[in-house]
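Protein chains: 6
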Amino acid sequence: MFSPPKILERKLLEILAEDIGQGDVTVSAVIPVGIDARGSVIAKQAGVVAGVEEAETLLESLGLEAKALVKDGQEIKPKQILLKITGDARTMLAAERTILNILSRMSGIATTTRDLLEKLRKAKLKTKVACTRKTAPGLMYFDKKAVLLGGGDTHRLHLDDMILIKDNHIALVGSVQKAVKMAKKNASLSKKVEVEVTKVEDVSEAVEAGADIVMLDNFSPRKILETVALLKKRGDYGKVLLEASGGITARNIMEYATTGVDLVSVGEITHSPRALDISLEMTSVKKV
Amino acid sequence: MFSPPKILERKLLEILAEDIGQGDVTVSAVIPVGIDARGSVIAKQAGVVAGVEEAETLLESLGLEAKALVKDGQEIKPKQILLKITGDARTMLAAERTILNILSRMSGIATTTRDLLEKLRKAKLKTKVACTRKTAPGLMYFDKKAVLLGGGDTHRLHLDDMILIKDNHIALVGSVQKAVKMAKKNASLSKKVEVEVTKVEDVSEAVEAGADIVMLDNFSPRKILETVALLKKRGDYGKVLLEASGGITARNIMEYATTGVDLVSVGEITHSPRALDISLEMTSVKKV
Amino acid sequence: MFSPPKILERKLLEILAEDIGQGDVTVSAVIPVGIDARGSVIAKQAGVVAGVEEAETLLESLGLEAKALVKDGQEIKPKQILLKITGDARTMLAAERTILNILSRMSGIATTTRDLLEKLRKAKLKTKVACTRKTAPGLMYFDKKAVLLGGGDTHRLHLDDMILIKDNHIALVGSVQKAVKMAKKNASLSKKVEVEVTKVEDVSEAVEAGADIVMLDNFSPRKILETVALLKKRGDYGKVLLEASGGITARNIMEYATTGVDLVSVGEITHSPRALDISLEMTSVKKV
Amino acid sequence: MFSPPKILERKLLEILAEDIGQGDVTVSAVIPVGIDARGSVIAKQAGVVAGVEEAETLLESLGLEAKALVKDGQEIKPKQILLKITGDARTMLAAERTILNILSRMSGIATTTRDLLEKLRKAKLKTKVACTRKTAPGLMYFDKKAVLLGGGDTHRLHLDDMILIKDNHIALVGSVQKAVKMAKKNASLSKKVEVEVTKVEDVSEAVEAGADIVMLDNFSPRKILETVALLKKRGDYGKVLLEASGGITARNIMEYATTGVDLVSVGEITHSPRALDISLEMTSVKKV
Amino acid sequence: MFSPPKILERKLLEILAEDIGQGDVTVSAVIPVGIDARGSVIAKQAGVVAGVEEAETLLESLGLEAKALVKDGQEIKPKQILLKITGDARTMLAAERTILNILSRMSGIATTTRDLLEKLRKAKLKTKVACTRKTAPGLMYFDKKAVLLGGGDTHRLHLDDMILIKDNHIALVGSVQKAVKMAKKNASLSKKVEVEVTKVEDVSEAVEAGADIVMLDNFSPRKILETVALLKKRGDYGKVLLEASGGITARNIMEYATTGVDLVSVGEITHSPRALDISLEMTSVKKV
Amino acid sequence: MFSPPKILERKLLEILAEDIGQGDVTVSAVIPVGIDARGSVIAKQAGVVAGVEEAETLLESLGLEAKALVKDGQEIKPKQILLKITGDARTMLAAERTILNILSRMSGIATTTRDLLEKLRKAKLKTKVACTRKTAPGLMYFDKKAVLLGGGDTHRLHLDDMILIKDNHIALVGSVQKAVKMAKKNASLSKKVEVEVTKVEDVSEAVEAGADIVMLDNFSPRKILETVALLKKRGDYGKVLLEASGGITARNIMEYATTGVDLVSVGEITHSPRALDISLEMTSVKKV
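Chains as they are written, first to last, in our numbering: chain A, 1 to 288; chain B, 1001 to 1288; chain C, 2001 to 2288; chain D, 3001 to 3288; chain E, 4001 to 4288; chain F, 5001 to 5288.
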């Protein structure tokens, strides 16, 4: 998920432009032209920082000097200074909220992801944790990148990525087996094929049809254990990746992660993250 | 916040286009051309629905027939059908996640807003509840509209709205009074002027300088009560609107709402909302 | 109305790109690659200059060096040099007309605005002069900013600004009073509420319903004086801002400005401004 | 200058979107959802109407029914109804100002153009009247089309159109002759070559070098007569088109048009047009 | 690669808008308003048609009625009618070249792809034929979709698709093995990992490191045979997909396709396709 | 066709952004942050280079240092280094394919154009060679510019350029003569008028009606010779430019070029060019 800063800049300026509208009327009314300021972006909470690259890219694009004191993905403490900014006061004030909104959301997502992974690490589990496409509308790039920085798996980046056959596809096609066979026949060799199943029996069908990944959708941990047992019995365990999905949260993740699946996917990381509290303080400035 | 559907369509297609990328490879591989489907958008949780207009606009723009069974802002129950959709199966599948992401986030925000207002209504309080500009990056329109549908106050829609003089502006200008005076002198008569204060004494200064709204930033409920008492004593209470802001959450909102302020603003409504669980089920379809 | 230059640049490049089309064929045919030129942007008429920030932003974005010798809002004389430009001759020639069109229109608007204000200033009147949303299509930003630089009030910057209930709204709602009450109930506390009235009686109705500004639409100066008298009699004068609007021009503005209203709005400032004559002369250059 | 309506729609929606911003707050607060209205677009002044196609295209794109009662380029009288509109009241109100701004500006330009041509027609002159690229910034399409509807010549539509060698090009290249020769050598055969001259002698030089059109820039009518005489003497008259340009206005156009030039170009048609007064009246409506 | 028509429409209108510029001046000058026409899109050469969906989508978006007589991917004969179009003559003429350019290029690519596959089919080979990212700049969507319609494999749709480690990546990382290991460690489980190798020895290294696909870059057919033999000997044949790439053309493809690789990729399909000759004939029309 | 680099940059970033999608996953997984690289863009074939300005503009816009060793339009040899690039390795890798696709296509077109012109030059012919609007969809700018760099005539740059009356226009209008007369009456004096004829008799009709250029469409060389003879007999030869068009290729161009026409237009230059083989080699780099 590397985007050259100039490409990233386009998305960032679009976001800022929406907030500016026809212009910042407060800055225009109260801040004289030509004043320089210094700002410090400061964490108010502990967590994993994300969005530093985005903040730097936007600030520098606006002609401000930005110096990051932390790296994306790094753990931060309350009161820690994340970036120092210098330059035109009007521009800094007009960009303040956009910068903070990006940092707060991305850091919130990265922190939640890391917290889940820490639980697994403590139990010495190697199960991966993935997000879903349940992001804030239009924020796929930012939300997925934050998951990656938190140590999670981004899963599909959009619909042209990997084949993922879900319940509604199967409802239309008729069966897991038929859908997977069509996918194997029609899709590019460059794509993996994943299929969502709702019954234990469908797993073997999917394996035989050539799926690369099988998503066990809304399976209870007990049902997953049964599935794993069945696959082992048949000698199919390890032939496909197994993903547990549906209703998995911070509270129950360990029950799923210990079943023998390769991957658990957690929707709430991106659809309901808590923003990390981060603010901008203009600490020193040439007075007007 | 009324946007003609054709204008709204542009934002919605932009969001969908990001998710489509170079094309939905799953649909392309497994769903034949020319299949029609029926879908039901179903709530999995109780709450206040929002985003119905957005969903309908996008679905109809894509050539699907969409029939809303609920109105934006209405309370909904688990298993309630929100929209019925008919039309091309490939298009419906490709738009599924975008539609659900919009509905889930907007309904989550509307539900949270309504919950806060219900608390106040039960206590017969007329205090208004507002959101802030702490939205998901670039989602100001959707987040603010959801707050409105939940019954909240949208506060500023972007930076060309109302004058709002905050801590960093004051740090640069030197004093609350000076900043408000500059605003009254330079700003359009069409704008209200709000100023954020951190000390009780600044309130009177702000009132005298002509502020329309005073934001009591990070004042404890006790400090707000003192401020109100002081204003009443001076005969200034009622001359300006008072807004309590900073650290207000669902847990402590009643302490603030009962102090005599006109408005409490709550950042978490838009920066950390929980998405409402909503899904699409394709219930009936001409089989392939 | 402060827009960070990088945000402004997007609008400016859009305008230039339209003029360039597939490329400047004259420059391509007659000006060799790699020639540097110097240019002077020169006023041909006296007036108030506006658009200097826009010109500088565009020129520098294009890689030309631009040095402004005047400030936006400053009075200029015929033959006065406004900017000096240095850099690639082909680029300068391709941008010439776009730069001049922006400066000429914005300066024309600023000059007209200032002229009106000078009339009022000479009569020691403090009445404000505002423009309307009757701008050239799509040029709201540039036209409004030019009014501001001329000393005028920008009034609404777009439709998400202040509530302004006009004749057609009232025709649909039924009465001034009902419309204002709905506005006060439904609108954000951050918005002022203005209402357009056509009868003297409606003014008191509007005041009682809680309007912040009352627009006296197409009232003759005599009718405005009657209205002011009535409001004074009732003790309502000063409780709302009064705006005179409709048919006000440079010729009759003093008759309106002396009636006791706070604001007169003049459509022709932005819908029919005369461009200020400004040209680019390339005075010195390395010959081909 | 025919643009398929769907292409035109993109420009029009861009203009409307700027005015809408985050949404029309007045309509949202005071006009209920689901109200239909009827509107009449009415001329307040006589003139030549232009922008009807643009208004219809935008209105229909927004889902409103628009019926034009006049054709673009037609003469209209005060109180004449130009279009009748039916449909959603909220949408009609939100689009009102954008529609009127387009019609007013375009009709103002068409009217001015027609007035100039009428003067010439009365004198039985066949001299053409052209506009320049001195339009409102970014409005090249609308301004040029209005000139065309008024009966004028659009001249260049942007910089990839015809070669036009102006003073600054010649200053860099060294001489009229050299510049025209380079143009003839390097430019596509599909392009005409026009050159601006400031001296009588340069005209013959331009003709010899192969120019298709010679622009007599800031020549007095007397100087043009001398030039025509000279060209006739040399047998060059009629070999190139002659264009008079610079300082030509409604007041002096006849002096230029009678000199024997093929074309007079008038900057003020597009840089300083007076808008035609046009308004929208909602005459009948289902009351709320 | 299914894109909902409304999303596709955006790309298509962008392409048309570039060609229209400020308007079609020929249509404007010679074709009266309000004339209807019928058109037939006719093949001048045999081949495989592609771009029919794109043509229909654009034509219908423009308000023309389009009836396709062939399906994308179908074989067509000279003189065969591909689409019939009815509607506004001016619009049809303005869109003619854009429609034909899309059909000609896409059909040219589909035809070339099919021809290659026919060769393989005649030899009863199941080797797949893929294109590369060597498309016309910015035409990834159209070029890849045409390959798919011709029966080829689209390979990566852009850089966020599958991991593909190429020569320059390896040059920077140091070795095939190291690069593949990093990819397996850092990449999402949803991605396949392909690596380009230039030496026989690197193949086993890649297999061991966990690559899903190995690209044998610029291997001669003989060298590929050696590689296959070696893999078989080691028991690694079939564990990874093998792709032959580099210098493969219509002339030598059989030598590569018979070596035992799973996939041959051919750059010239998309970087140098011959357009299929297709034209629009307006066969019947209401005369002016 | 000179476009200021900043305007060109917009098109180039659009193309790159499509290829990047949500981010380069390969670079992200295997190339560490902060590594610098050096790259050489190297020709693998002889030809005429084009696209160097585009490559430099894009590379520098991305923050890479680009040094061109050749000029656009220059002849190059196999193994010749075209550009040297220095800077961030991740950015260089992500932009590699886009840069090469632009250079390969543009150089392929320029080379084909130059080859045709060389044939004519060797025969001492001054006939011009033009391309048509049959470009890759949406690549009008790049394709036409490459033709110009190869020495060809760009012909129309889009539909607002020159009047060109083609077969379908005439089918609708009724006759060549009528169409040309309408064009002369309605079109701007700044436009040339070209008309396509299919019969010898139409040529004189076109000349009389005032056409500037007559396109002899699908005339055999023999038929062109007859036409030229007829025009000479009538004294019309030289009064209009003659263009031969339709089915002209590298194989038969000399037969057309020697007939006495001014211009031959060749569709395949832009609709079916062979890309020139150009690659990027990262030759030296700080190892990871």
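We treat Cβ as the ideally placed atom computed from N, Cα and C, and that holds for glycine. Note that the coordinates shown come from a computational prediction; the quantities given were computed from them, not determined experimentally.
Assignment of Ala2187/C by DSSP, reduced to helix, strand and coil, places it in the coil class. By the 16-neighbour rule on beta-carbons within 10 angstroms, Glu1009/B is buried.
Distance from the CA of Ile1007/B to the CA of Asp161/A, rounded to the nearest whole angstrom, comes to 30 Å. It is roughly 54 Å from the alpha-carbon of Ser3190/D to the alpha-carbon of Thr4259/E. Counting other Cβ atoms within 10 Å of its Cβ, Asp4036/E stays below 16 and is therefore classed as exposed.
The CB of Arg5156/F comes closer than 9 Å to the CB of Ser3188, Ser3190 in chain D, given here in chain order. Cβ-Cβ distances below 7 Å link Gly5047/F to Ile5076, Ser5107, Thr5111, Leu5276 in the same chain, with the five nearest sequence neighbours on each side left out; the list follows chain order.
Within chain F, Gly5023, Asp5024, Val5027, Ser5028, Arg5090, Ala5094 have C-beta atoms less than 7 Å from the C-beta of Phe2/A, given in sequence order.
Across the structure, Leu148/A and Phe142/A are spaced so that their CA atoms are roughly 10 Å apart. The segment 3154-3173 of chain D and the segment 2019-2033 of chain C touch, with no fewer than 3 CB-CB distances between them shorter than 8 Å. Cβ proximity to chain F below 7 Å picks out His4169, Ala4171, Leu4172, Val4173, Gly4174, Ala4179, Met4182, Ala4183, Asn4186, Ala4187, Lys4191 from the segment 4169-4203 of chain E. Listed as beta-bridge partners of Val3129/D by DSSP are Val3264/D.
Counting of Cβ neighbours within 10 angstroms places Ala1187/B among the buried residues, the total reaching 16 or more. Nearest to Ile1213/B by C-alpha distance, out of Thr1132/B, Ile1165/B, Tyr1256/B, is Ile1165/B. Look at Gly4150/E here: in three-state DSSP terms it is helix. Taking the C-beta atoms as reference points, Val3193/D is found nearer than 8 Å to Ile3163/D.
Asp5262/F has its alpha-carbon roughly 40 Å from the corresponding atom of His3271/D.
Distance check between Glu5053/F and each of Leu5159/F, Ile5102/F, Arg5156/F, Val5266/F places Ile5102/F closest, using alpha-carbon atoms only. Only Asp5262, Leu5263 from the segment 5262-5273 of chain F bring a Cβ to less than 9 Å from some Cβ of chain D.
Rounded to whole angstroms, the separation of the alpha carbons of Lys1178/B and Gly2152/C is 22 Å. Going by DSSP, Leu3216/D is part of the beta strand (DSSP E) stretching over 3213-3217.
No Cβ-Cβ contact shorter than 8 Å links Ile1109/B with Ala1055/B. For Pro5137/F, the chain E residues whose Cβ falls inside 8 Å of its Cβ are Ile4015, Thr4098, Asn4101, Ile4102, Arg4105, Leu4139, Phe4142, in order along the chain. Contacts between Met4282/E and chain A, judged by CB atoms closer than 7 Å, are missing: the closest CB pair is about 38 Å apart. Per the DSSP secondary-structure output, Gly47/A pairs in a beta bridge with Ile76/A. Taking a C-beta cut-off of 8 Å against chain B, the contacting residues of the segment 3057-3069 of chain D are Ser3061, Leu3062, Gly3063, listed in chain order. When the beta-carbon positions are compared, Ile42/A and Ile85/A stay at least 8 Å from each other. Looking only at Ile2253/C, Leu2058/C, Ala2068/C, the smallest Cα-Cα distance to Ala2017/C is reached by Leu2058/C. Going by C-alpha positions, Tyr5237/F is about 12 Å away from Leu5225/F. Here Leu2016/C carries a helix assignment [DSSP, helix/strand/coil].
Straight across, the Cα-Cα distance linking Asp4024/E with Cys3131/D is about 19 Å.
A distance below 7 Å between beta-carbons, with the five flanking residues on each side excluded, links Glu2060/C to the following residues of its chain, in chain order: Ala2066. Listed as beta-bridge partners of Ala3066/D by DSSP are Ile3085/D. If the five residues before and after Met2092/C are omitted, its C-beta is found closer than 7 Å to the C-beta atoms of Ala2037, Gly2039, Leu2064, Ile2085, all from its own chain and listed in chain order. Under the three-state reduction of DSSP, Ala2244/C is assigned to strand.
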